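Numbering (full-length UniProt numbering), first residue to last: 1 to 258.
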């Protein structure tokens, strides 16, 4: 701060003043806006009611109506399934392999290989696979063969959509059962030379596999229910003659219904 007795020097140069220019309203709204062509038809095609080629079709409420989209590349990613094969079914798998892989490759368009080292069958989709559920159908087909069904019976899973496989054990029906009683129950289900099992299959239009204490049933939902009721009755000790009578009655009712 200078002393009050010091000589004051006048500043000759006036202070710099810059004129402030207010922006116009047009400049705020049009910031780098591209210039539109004179003909708006070059950007926005005309919308008409007629379905002429190159023009958009609208309905009565002026909503656009587009053609259905086409799946140019339906397979977006490669999916893989590995079906384990039990040791006692690997030898039948090798012998029946010429009848197993053609339906998977030709019908479902899948890539299939048998892995002997890991004891499994590997399935994979490809660019030729068109059906969404092809991989699941292929897995069900191979799994049905590993459970003990014949190739001709398991191949029905590929052709029909309403077929299922149901598995249950004898102990699920009657828990308190020794080995001898369990063996007698299996004998009642099979019958002499398999006649009882064949009678249940023919009456209920199913296929049955007896694998030790497990029972596998292949068929439609209602048919599986009818076969299961007959097998449960045999496990509980009902005479086969009464089971045959009930099967004939139920089969006649189903034939009248359909």
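Here a beta-carbon is modelled for each residue, glycine too, at the ideal position from N, C-alpha and C. Model, not experiment: these values are computed from the prediction.
Which residues bound the beta strand (DSSP E) around residue i?
| i | result |
| --- | --- |
| residue 84 | 80-84 |
| residue 105 | Premise fails: residue 105 is in no beta strand (DSSP E) and is neither H nor E. |
| residue 123 | 120-124 |
| residue 115 | 111-115 |
| residue 56 | 56-58 |
Apart from the five residues just before and just after residue i, which ones in its own chain have a Cβ nearer than 8 Å to its Cβ?
| i | result |
| --- | --- |
| residue 139 | 81, 83, 123 |
| residue 151 | 96, 99, 100, 145 |
| residue 103 | 141, 155, 158 |
| residue 252 | none |
| residue 29 | Residue placement at residue 29 is flagged as unreliable, the pLDDT there being 42, under the threshold of 50; the coordinate-derived value follows with that caveat. Cβ neighbours of residue 29 beyond the five flanking positions: none. |
| residue 126 | 75, 78, 109, 110, 111 |
| residue 240 | 188, 191, 196, 234 |
At what residues does the alpha helix (DSSP H) containing residue i begin and finish?
| i | result |
| --- | --- |
| residue 226 | 221-235 |
| residue 188 | 179-190 |
| residue 141 | 134-147 |
| residue 77 | That residue, residue 77, is in no alpha helix (DSSP H); it is neither H nor E in DSSP. |
| residue 92 | 87-95 |
| residue 238 | No alpha helix (DSSP H) holds residue 238; DSSP gives it neither H nor E. |
| residue 158 | 156-159 |
| residue 201 | 195-204 |
Report the partner residues of residue i according to the DSSP bridge assignment.
| i | result |
| --- | --- |
| residue 216 | 167, 209 |
| residue 65 | 57 |
Sort the options by Cα distance to residue i and report the nearest one.
| i | options | result |
| --- | --- | --- |
| residue 243 | 87, 60, 191, 164 | 191 |
| residue 181 | 205, 199, 224, 235 | 235 |
| residue 133 | 113, 160, 149 | 160 |
| residue 110 | 137, 119, 94, 118 | 137 |
| residue 130 | 149, 223, 78, 177 | 78 |
| residue 230 | 193, 250, 254 | 250 |
| residue 238 | 254, 203, 221, 196 | 196 |
| residue 288 | 62, 193, 221 | With the chain covering only 1 through 258, there is no way to say anything about residue 288. |
| residue 148 | 64, 105, 167, 135 | 167 |
| residue 164 | 143, 94, 255, 62 | 143 |
| residue 92 | 116, 240, 246 | 116 |
| residue 203 | 57, 186, 245 | 245 |
| residue 105 | 87, 61, 135 | 135 |
Tell me which same chain residues have a C-beta within less than 6 Å of the C-beta of residue i, skipping the five on either side of it?
| i | result |
| --- | --- |
| residue 233 | 243 |
| residue 188 | 234 |
| residue 89 | 146 |
| residue 114 | 121 |
| residue 46 | Model confidence at residue 46 stands at a pLDDT of 49, short of 50, so the residue's coordinates are unreliable; what they give is reported in the following sentence. Same-chain partners within the cutoff: there are none. |
| residue 169 | 213, 214 |
| residue 162 | 220 |
| residue 59 | 65 |
Please work out which residues of its chain come closer than 7 Å, Cβ to Cβ, to residue i, disregarding the five sequence neighbours upstream and downstream, and give them in chain order.
| i | result |
| --- | --- |
| residue 201 | 207, 208 |
From the beta carbon of residue i, is the nearest beta carbon of chain C less than 9 Å away?
| i | result |
| --- | --- |
| residue 103 | Absent from the structure: chain C. Only one protein chain is present. |
Return yes when at least one heavy atom of the ligand ADP lies under 8 Å from the C-beta of residue i, else no.
| i | result |
| --- | --- |
| residue 133 | You won't find the ligand ADP in this model; it holds no ligand whatsoever. |
What distance in whole Å lies between the Cβ atoms of residue j and residue i, which are believed to be in contact at a cut-off of 8 Å?
| i | j | result |
| --- | --- | --- |
| residue 227 | residue 219 | 7 Å |
| residue 171 | residue 213 | 7 Å |
| residue 224 | residue 217 | 5 Å |
| residue 119 | residue 85 | 5 Å |
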